[in-house]
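S.K.:
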Amino acid sequence: QDFDLQFWGLYGQKKELIGPLSGELYFLGLNEDDDPLERETANRNIYTSGFRFFVEPQPGSFDFDIEGGLQFGSRRATSLSSDTKKLDVWAQFLHAGIGRTFADRWQSRAAIEFDYFSGDETPNDGGFNSFDGLFGPVAGELAPTSLFTLLTRTNLVSFAARFDSRLSTRISAKASYRAAFLASSRAPFGVSGVVDPTGSSGRFAGHLFEIGIGYDILSDHVKLTAGAAVFINGEFIKNAPNASGFGDPLYTYMQVSFNL
9 QDFDLQFWGL
19 YGQKKELIGP
29 LSGELYFLGL
39 NEDDDPLERE
49 TANRNIYTSG
59 FRFFVEPQPG
69 SFDFDIEGGL
79 QFGSRRATSL
89 SSDTKKLDVW
99 AQFLHAGIGR
109 TFADRWQSRA
119 AIEFDYFSGD
129 ETPNDGGFNS
139 FDGLFGPVAG
149 ELAPTSLFTL
159 LTRTNLVSFA
169 ARFDSRLSTR
179 ISAKASYRAA
189 FLASSRAPFG
199 VSGVVDPTGS
209 SGRFAGHLFE
219 IGIGYDILSD
229 HVKLTAGAAV
239 FINGEFIKNA
249 PNASGFGDPL
259 YTYMQVSFNL
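Count along the sequence shown from 1, add 8, and you get the number used in the numbering used here.
#1: Could you name each continuous beta strand (DSSP E) segment of 3 residues or more that falls completely within the segment 72 to 147, going from the start of the chain to the end?
#2: Got a sec, what are the start and stop residues for the beta strand (DSSP E) N250 sits in?
#3: Measure from the C-beta of G148 to each C-beta in chain B and report whether the shortest distance is under 7 Å.
#4: Quick check on this structure: which residue in F156, V230 and K93 has the alpha carbon closest to the alpha carbon of G261?
#5: For L164 and D123, which I take to be in contact (beta-carbon distance under 8 Å), what is that distance rounded to the nearest angstrom?
#6: Would you tell me roughly how many angstroms separate the C-alpha atoms of L175 and G220, rounded to the nearest one?
#7: Can you give me the Cβ contacts of P28 inside the same chain, cut-off strictly under 6 Å, excluding the 5 residues immediately before and after it?
#8: Please tell me whether D91 and R83 are closer than 7 Å, where the distance is taken between their beta carbons.
#9: I need the DSSP call for F217, collapsed to helix, strand or coil.
#10: Hey, G135 and W98 are a contact pair by Cβ (cut 8 Å); roughly how many whole angstroms apart?
#11: Suppose only complete runs of 3+ residues qualify. What are the beta strand (DSSP E) ranges in the segment 169 to 248, listed by chain order?
#12: In terms of alpha-carbon separation, which member of D96, A118, D42 and R52 lies closest to S89?
#13: Measure the alpha-carbon distance for P257 versus I225 and round it to whole angstroms.
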C-alpha cells in the first residue's frame, strides 16, 4: 500500500461454533486514487461485508461450505483519466457447496458446488453492479492454477461437480466439471473483455473440464503437480460481436512446489 492505495480488513473465525459447524465474519475495504507518477485507477472506494459457515470434510460424513457477501461504495467505470464519473457500487456474491468423503482407503471425496457473482445488467444507470474480486488467485475455486483466468469472480453463475482421491500414499488425483453462465448478458465475461451490450448473444459461456494429478516426491516437502483444463465455448463466446473466434481454450501445466 501507499498513500494512494490501501487495502484493509477485519476478520474473525469461531471454530466449532455449533458442534462441527464453524463460522467466519469479515469486512474488507479498498481505497485507491490516481497517482500521476505510477498509475491511473478506477478510484475504487469499495467495501465488502461477508460471512462463511462450514463443516470440515471428515471420512464417512458429509461436509458443506456456504459463503456470501455484499459489496458497496463508489468507483469509476474505467481507469482512464478522462473518465471522471463516479458510480454507486452495489454487488453480491454467493458460494455454496456440499460434499461427502468416503470411508475408503483412497480418501475419496465427491462434491457439488454453486457460485454466483453479480454482473451489471444496466451499465448506463449510474450504478456499478459487477462484483469485484479484489485480489487473490482463483486457483482451486474456478481454475486449476492462477494463470488460467478465464473464469473470475465477476459476472458469473456456475454449477460444478468435482471428485478428489488419494490413489496411494504419494499420488493424488482430481477431476471436475463446471458449467458457466453470465449473471448479466450485457456485461463483459470475466476479464476476457468479450461483451455484447445488446444482451442478444445469450448467457451460456461454456463447459470447463479439469483433470490433475499430484505426486509427493519428498514426503510433504516437495510435490510435483500436472494437469489440464479445456473450456468448450458456449453460445455467448461463439456469438458475441467481439469474440476472437480462436476456438476452445486448452490449458496444460506442470509445477513443482516446495514446502520447507
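Just so it is clear, CB atoms sit at the ideal spot from N, CA and C, and this is done for glycine as well.
M.R.: According to the structure shown:
#1: 95 to 109 and 117 to 125
#2: Careful: N250 lies outside any beta strand (DSSP E) and carries neither H nor E.
#3: Among the chains of the structure shown, chain B does not appear; only one protein chain is present.
#4: Here residue 261 turns out to be Tyr, not Gly, going by the sequence shown. Closest option to Y261, Cα to Cα, is F156.
#5: 6 Å
#6: 12 Å
#7: V63
#8: no
#9: strand
#10: 6 Å
#11: 179 to 189, 212 to 226 and 230 to 241
#12: D42
#13: 30 Å
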